[in-house]
Amino acid sequence: MRMRQNVLVRVMVFAIVTAVILFAFTFAFTFAAASYTYTYTYTEGTAPILKVDNRTDAYIGELVKINISLTEAPGGVSGYNISVALSNASVAEIESIELPDWGINFLSKNSTMPAHSVWVRAIDLGMQIEENATNIPIVTLLVRTKSGGTTAIYISRLRIDDDFDRRIKPIIENGSISVSTSGSSISGFITYACNETGLAGATVNLSLSQSGNGNGTPTIKSTVTDSNGSYMFISVYPGTYNITASRRGFWSNSSSVTVTGAPASESYTLNLALWLKGDLNNNGKPADNADVAKMKNASIGNISPDWRYDLNRNGMLADAGDLAMIKDASAGNIVLE
Ligand SMILES: [Ca+2]
Ligand SMILES: [Ca+2]
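Printed below as a string of structure tokens:
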């Protein structure tokens, strides 16, 4: 009997102690919350700005990053619910979004993309955007441009709350994307290797470079150098290109140019020099006596030949066939072309 009483007393004491502790904690938290008052009040003209990026001179097919950010949050940010739309869906579409490090998209209710508008909800679950935060990233849109023109990017619906359940009412600065259709230009001079003067009538071809080697891709644009040896390609869109210059009697020469598209309309320059075939001493006269002498010397190993000594293009420099060709050219029996 005495044992049973002891157990009852212990249970009662435990219950009372637990209740006291719970009450103390509740009181402490209530008191703490009540004494925690924020001092900031939003006033006219000092509201934070919700800013949407502007982008000019984008090119067609580019994936443009548009950041949306809040200049300041004196009371922190607890979360937001935002709708962003593009005014002209034919110019660009929202392909996807990126939330900032702090944001957790807690309801996963984004719109289906690509689309001309998107709805995003996020919450600062990690409590990273606290009082007096500045330059707070809200969301980044990845927008794919589709055609030339301009589209506004505007906030169509907005709710941002601070850490005190207050609604933040920022001044909204909407953004835009302008897509250029002009493209870039590539221009330059084709010159004689012997004296660097302009070479008129040279054919210049532009082709897309394939894995950087430029072989096997069709010519996109072709032109011929003017009397000064200059050429120009306009409306060139981003990519890596091979430019090959050629003219009868000359070795062809090529080089590559990468058009980045940022900005969309940029001027690239590429100059190329062409060597006369058979002009081994580079004096502007093909297959003259000095050239024949050089080929002979190279054929017997007295001098080191380079690619220009392979006139018959069999991969062997200054072989018997090359020597025969330059002799024939020197005698006027053939034209090196
Ligand atoms: Ca020569
Ligand atoms: Ca050869």
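The number in this note's numbering is simply the position in the sequence shown, starting from 1, with 16 added.
For each residue, glycine too, the CB sits at the ideal point set by N, CA and C.
Within the DSSP secondary-structure output, residue 203 pairs in a beta bridge with 248 and 285. Per DSSP, the unbroken alpha helix (DSSP H) holding residue 309 starts and ends at 305-315. Taking residue 72 as the centre and dropping the five residues before and after it, the same chain places the C-beta of 194 closer than 7 angstroms to its C-beta, in chain order. Distance from the CA of residue 183 to the CA of residue 66, rounded to the nearest whole angstrom, comes to 14 angstroms. Residue 322 has its Cβ no nearer than 7 angstroms to any heavy atom of ligand 2.
With a cutoff of 8 angstroms on beta-carbon distance, residue 90 and residue 148 are scored as near each other.
Residue 253 is not bridged by DSSP to any residue.
Each of 326, 328, 330, 332, 335, 337 and 338 has a C-beta closer than 6 angstroms to some heavy atom of ligand 2; these make up the full list, in chain order. Note on geometry: alpha-carbon atoms of residue 329 and residue 266 lie some 14 angstroms from one another.
Per DSSP, residue 346 is one residue of the alpha helix (DSSP H) stretching across 336-346. Per DSSP, residue 275 is one residue of the beta strand (DSSP E) stretching across 269-275. For residue 183, the secondary structure class from DSSP, reduced to helix, strand or coil, is strand. If you look at residue 73, you'll find it in the beta strand (DSSP E) that goes 70-75. With a threshold of 7 angstroms, the Cβ atom of residue 216 does not count as near ligand 1, since no heavy atom of the ligand is closer than that. Checking the DSSP bridge columns, you'll see residue 290 partnered with 208. Note on geometry: alpha-carbon atoms of residue 280 and residue 171 lie some 27 angstroms from one another. Using a Cβ distance threshold of 8 angstroms, residue 107 and residue 162 count as a contacting pair. Per DSSP, reduced to three states, the secondary structure at residue 135 is strand. Shown in chain order are the residues whose CB sits closer than 5 angstroms to a heavy atom of ligand 1: 295, 297, 299, 301, 304 and 307.
Excluding its 5 nearest sequence neighbours in each direction, residue 306 has C-beta neighbours in its own chain below 8 angstroms: 296, 297 and 299, listed in chain order.
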